Structures are given as C-alpha cells and as structure tokens.
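>
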C-alpha cells in the first residue's frame, strides 16, 4: 500500500497496526486523501488472510479533531458548479453520493469481516469519533486530555458518518441525544460507564490492550448486525419510547427556538433510523445530512465558528515580521474580580503572575479567587489538589509596584475611571523594564486617551477581557493611535497562550463588542418604555437567537455601570449620543429604587436567595403605557433586536473600528452571543443581501426611530450588490 498519512505494519501475531500521522500537521484531520488511504487499509486487511485484525491509533499527541470542514465547503462549491452545468437533479445526486462517502467507508470497515479496534489518546471528535464507533472495540487512555464526542451541532451540522445511528444503539437514547444535541465531550471514565469504551488504560498500554482484544478472539461483527439485537432504550413505538420522544422534541424547541435545522434533522434521523436495519438507517442519516450540509445556517456557522475562528486563532491578524513571544511573567494591577480572574487564566496557562493591589489583604483576596476556581474544578473531577497547588505557586500577590519590574507584560485592571487609571498607569510605567509591554483592560474608555499617562505610547495596548474571564473565549485587542506593531503582536501572542480567540479592534469608545451590546440592551429598555410586557421582551430576544434577554443581561453587567457609561458618553460626545428615556429609566431604577442588578439582588429581576430569579413586578410602574400583548408583532421585535446590533457592526466596519468581517462575526458570537445560527451580524446582513437589509432597516427607522437608519456603507453595498464576504464564501457549504 502506498500510504502517506498512515504507517502500516503487521506484528508476529498477524495483527495490523495503522498509525494515523499526517505529515506537516500538529493534528490529524479527515481529508479526501485520508479517506482514500483508509479505504486501502480496510480492503487490504480484509483481503490478506494472514491478517487477523487491525488496530487504528494516532501518531500525534491527540487522536483527531474530526473532518476538515473546508472539505465540506468544497462540496458546496462543486455542487454549485455542477448545478450550473447539468442541472439541480444531477448536481444533487453527485452531492449526495460525495457527502455520504465517509459514512459508506465506515460501514465497509464495520462489515469487512475482520475485527477492527481503535486505541485513542487525547481528543477524538466528530468524524474521528464516528470512526471509533464503527470499529468493533474501543480503548481509551486514562489521561486527563482524552475526550470523545460529536460536536458537529456547534457548527450547524449533525453527525453524518454513522454517529447518529451507532451512538443510540450503544447507549440509552436520551443520553445519546443529549451528547449529540449539545455537542458534549466525554471523559474516559464516563465513556466506559456508558458502554462506548471497552477499556480505559494508561496511554502507553492502549495499543497493546486493543491488540489483546483481537488476540482473544474479538468479534468482527457490530452488536446491531447480530440476530436478536435490542436497542438499549427499547423500540421507538413502545411505552419507553413515548417517554423519550415527546419530551425530546419539547426540549429541542426550548433550547433552540427552532433556529437550528440541524437539531431537528438530528432528532428525525435518530427517530427514523432506530426503526430500521443499519444500512437503511445510514441512508436516512445521509439524506438528512446532505440537506443540512446545503443549508444557509450550516454555511454561515461553518465559516464563522470553524474556519474564521481557526484562522484568527492561528494569528491571521498578527503583524508580520515580529518574532513570536510568550511572556515569562505577567503583572496584573488591580486584584478585583476582573484582575483576579485574568490572573487565574494566566496562571492556568503556566505563566507566572505578579498580582498587585493597594495593600496585601486586597491582593491576597484577589489570589483567593484562583483557589476557589481550582477548588470548583477539583469538586467536578476536572483537576487534582496538586494542580491547584502548582497554579497558586505561580501567583505572587503583593502591594509592591517594584515587583512589576521583572514582568514582560503588565495589565492594568483597576476601576473604570479615567483619573484612577491614569494614576495607576503612570506608577506602572515608572517601574517597567525597557522592553516590557503595558496593557489596559478597559472595557469602554478609549485607549489613546489613557496612553497620555505613559511615556511610550508605542508599547501600550488594550486587552479587553469579557466576564466571566475563565469561561469567555473572546478577547478584544485594542490598537490605540500610538500602539506599535510589537505591542500588538505581544498582546495577540499572550491571548493565544491563554487559548482564547483574539480580534483586533481599532480604538473607539466602546470598541466593538460593547457598542453592539449597549445597542441590544438599549432596545430592550426602549421596548419597555413602549409598553411591551417585560416577559415578552426577554422571551422574544431568546427566540431571535440571543442567549439571554436584554434586561437579564443588563442585570448581569450592573445597572449602575450602565448608567455611568451613559453619563460618560454624554459628557464626552454630547447629549445626542444618549437616549433620554433610557437614561431616565436607569436613573429611576438605580438612584430612585436602589436596584443595581444581580450584584445587590435586585434590578430588572429579583434574586431571592435560594430561589430562581424572576422579573420584578414593579417594572409596570416604569411603563407609561402597557400594550396588549396580542397586538404586538413578535416578528418585528425579533427583527429589531438583530438589526440594531447588525447596524452597529456595519458602522464599526465603516468607521474602520473593525477591518476584517471575520472579526466582526467571530467577535459577536463569542463575545456577546449574537444569534449563532446567522453566522454573526455581518453574515446576517449578507444572508438576506444588503439591498433587502437596507430596505428592512429603513422600514424600522420609519416606524421606530433613526437608530435604524442604515449607514452609508450599507446603502452603497445595496446599490452595487456588494457583500462583506465573497459570493463563494457565502454559499460554499
């Protein structure tokens, strides 16, 4: 066999070992070439009588992240070209056959007549885990890094290479549905408990354990291909089935608001497939998969959440010609909640931290957050006591600014007040070593203005983390007017070391994410003033695709902070920059009622101790009128929530706050949860076309005010037919 991506050898017992090790890649991925070679291996193992069976393993630190999704984009391009040449019927036939190739390959492996075992260390996700499910036996390493799962739903797809059929035949249907519908990953112990893994052993023993299974007469037949096989949860049409499927459909609607066609297709594929023999079940799965693969939702989500995110993670926006860096020590000034959380994620990346605050007690309190967060991980079985001890050893808490003199990067994270920040930045600047970079974690204050407090603005940059820092994947790296290329590169390298996704934002008030968030929250406030019931505001926002309603979001960030931002904006930009009704609402709630949000247990919601939060009944007093809910057009409310944010994103592009649409879309989804099914606000505009979007915006502006007026860039795009992404990028999947 002529193999490039696999090494193939046969031991003295006649057991073959196929080691997947793609040259020039740090991670194995499924490509057309990999499928070609795996097909050769399956045929070879089946044809050679001396080969008793085969073990598949990886030569990398992890098994595989799954399919190369750019391959799926290529399928979309091929479909579009063939449709133009030969018509839709022929193009669809070819597309269907190509999209099910991996599924057919795995079925050929499963039914070749020789036992296949798989030895897995590290992550094994998506199409790679579907390969594991097609093998007759699975061995997992017991390492903390080992995970298996089917995360396709997170990019608008569902498992289409047999995963949706094999998983619910291996484990109870509700567990399988949850695993696939949420894209969850399983640790080795959980995989074994659920019947997915046959054995969990130390990393160095996985191959031998897999071979032992073959030596001991491992069967070359999957359970579902044997006579008398019973589904773990019983038949679909049974009393047990009736307890599974109606709730599953209801949960799908609750969790997705019917915005994600892949979720519905997954349910349908499993529901239909479990009533059929495996070969027919796989055909049903393939039909649903081909349909979803061609959907606009999948195209947008694959581009943004896989391809664009991957490109940004790899440094697409990093200045060229500057050597890569990793700080040995990072200083953080300000041990409040934000600064303490940044210290935690920095130490988690194995980087030493100097955490500074006004006195030892405050600095120590900041360090204690790391102890708490690591303890939470220990309680969940995700870390050990020794891991916590090692992390805490990396953090030095002190009130001494001189301790910053050895740091390669120092991040100021004090209270959001320009005077306080200027004073602290000046003190840091006085002790910085010559080549150190200074950063501010401001969330709204222009970086260029803060740079006036230091002597060398070229080494000053903004690094805006989102709360909660330990969970949020996005970081805005802010380029001030004087920020040098090296400062930008160091900041981007640092963010990547934390395994977060950076976007580069040029300096402006609110930067990018916060200006979109503020527009979203403001729209909720305006609707409240219009007399829309608060519960309708919150629920319709979720129906539009937002993770939380605008009132709940405002409670999380604090009402008094929102009021301070409004007042600072008015002082800096002028009265016209602030909606007076919104300001009056916040003044009444914060100063009149003392309602600050979740932090003091009362805001738009009440937060009774030990009970679920609920909307404050007193909100009705702040509504000059109350509309009849039956008279409100929910579709228009949904449009308002998405359009007002998309307009802000387009303005950010027009004003050169953003210079790359990938950052606008990735930043919106990771930073504030903008309806992921759209692919992001700029993809949302492209999805309907600029002309249609401008028409919608103008109608909303006529009915609801000038905040919906489309910017000049969008008007010009509508006139010329332009888009933020090239046509083939929009329709590829």
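Residue numbers (the numbering used here): 453 to 1185.
Yeah, the Cβ is synthetic: ideal placement off N, Cα and C, and Gly gets one too.
Computed from a predicted structure; not experimentally measured.
Would you kindly check if the distance between the Cβ of residue 929 and the Cβ of residue 947 is under 8 Å?
yes
> Do residue 605 and residue 718 count as a contact pair if the criterion is CB distance below 8 Å?
yes
> To the nearest angstrom, report how far apart residue 1186 and residue 960 are at their CA atoms.
Since the first residue of the chain shown is 453 and the last is 1185, residue 1186 is not available in this structure.
> For residue 683, which option in 967, 621, 1024 has the closest C-alpha, if you only look at C-alpha atoms?
Minimum Cα-Cα distance from residue 683 among the listed residues 967, 621, 1024 corresponds to 621.
> Output needed for residue 962: all residues of its chain with C-beta closer than 6 Å, excluding positions within five of it in sequence on either side, in chain order.
896
> Can you tell me whether residue 1052 is helix, strand or coil according to DSSP?
helix
> Using a 10 Å radius around the Cβ and a threshold of 16 neighbouring Cβ atoms, would you call residue 705 buried or exposed?
exposed
> State buried or exposed for residue 919, treating a residue as buried only when at least 16 other CB atoms are found within 10 Å of its CB.
exposed
> Spatial neighbours of residue 843 within its chain, please: CB distance less than 7 Å, with the 5 preceding and 5 following residues excluded, ordered by chain position.
The residues are 799, 800, 822, 826.
> Does the Cβ-Cβ distance between residue 1075 and residue 976 come in under 8 Å?
no
> Residues bridged to residue 1058 by DSSP?
1054, 1066
> Is the beta carbon of residue 464 sitting closer than 8 Å to the one on residue 569?
no
> Please list the terminal residues of the continuous alpha helix (DSSP H) segment that includes residue 493.
Taken as a continuous stretch (DSSP letters only), the alpha helix (DSSP H) holding residue 493 covers 484-499.
> Scan the region 610-649 and note each continuous alpha helix (DSSP H) run of 4 residues or more that stays entirely inside, going in chain order.
615-622, 625-634, 640-645
> Could you check the C-alpha separation between residue 712 and residue 761 for me, to the nearest Å?
20 Å
> So which of 571, 583, 672 has the shortest CA-CA distance to residue 640?
571
> Assuming the contact rule is C-beta atoms closer than 8 Å, residue 610 and residue 794 should be a hit. Round their C-beta distance to whole Å, please.
Not quite, the Cβ-Cβ distance comes to about 36 Å (not below 8 Å), so this is no contact.
> Since residue 861 sits in a beta bridge, which residues does DSSP pair it with?
782, 889
> Taking 8 Å as the cut-off, decide whether the C-beta atoms of residue 978 and residue 939 are in contact.
With respect to the 8 Å criterion, residue 978 and residue 939 are not classified as neighbours on the basis of their beta carbons.
> Tell me which residue opens and which closes the beta strand (DSSP E) that residue 1002 is part of.
Not the beta strand (DSSP E): residue 1002 falls in the alpha helix (DSSP H), residues 1002-1009.
> Looking only at its chain, what residues have a beta carbon closer than 8 Å to the beta carbon of residue 983, apart from the 5 residues adjacent to it on each side?
1075, 1076, 1077, 1078, 1079
> Quick one: using the 10 Å Cβ neighbour count with 16 as the cut-off for buried, is residue 933 buried or exposed?
Exposed is the label assigned to residue 933, since fewer than 16 other Cβ atoms lie within 10 Å of its Cβ.
> If we ignore side chains and look at the alpha-carbon of each, how far apart do residue 1161 and residue 1153 end up?
5 Å
> Got a sec, what are the start and stop residues for the alpha helix (DSSP H) residue 968 sits in?
It spans 965-982 - the alpha helix (DSSP H) in which residue 968 sits, taken as one unbroken run.
> CA-CA distance, residue 750 and residue 878?
49 Å
> By alpha-carbon positions, which one of 943, 1140, 470, 642 ends up nearest to residue 492?
470
> Consult DSSP for residue 515 and reduce its assignment to one of helix, strand or coil.
DSSP places residue 515 outside both helix and strand once states are collapsed to three, so it counts as coil.
> Using only the alpha-carbon positions, how far apart do residue 541 and residue 698 sit?
Residue 541 and residue 698: Cα-Cα distance of roughly 35 Å.
> Using the three-state DSSP reduction, which class does residue 585 fall into: helix, strand or coil?
Three-state DSSP puts residue 585 in a helix.
> Quick check on residue 1066: buried or exposed, where buried means 16 or more other Cβ atoms within 10 Å of its Cβ?
exposed
> Below 8 Å, can you find three or more Cβ-Cβ pairs linking the region 612-626 to the region 857-865?
no
> Give the secondary structure of residue 535 by DSSP, where H, G and I count as helix, E and B as strand, and everything else as coil.
helix
> Is the region 516-526 in contact with the region 480-488, if contact means three or more CB pairs nearer than 8 Å?
yes
> Quick one: what does DSSP say residue 1099 is sitting in, helix, strand or coil?
helix
> My output table needs one value for residue 1176: the three-state DSSP class, helix, strand or coil.
coil
> Distance check for residue 652 and residue 689, CA to CA, integer angstroms please.
35 Å
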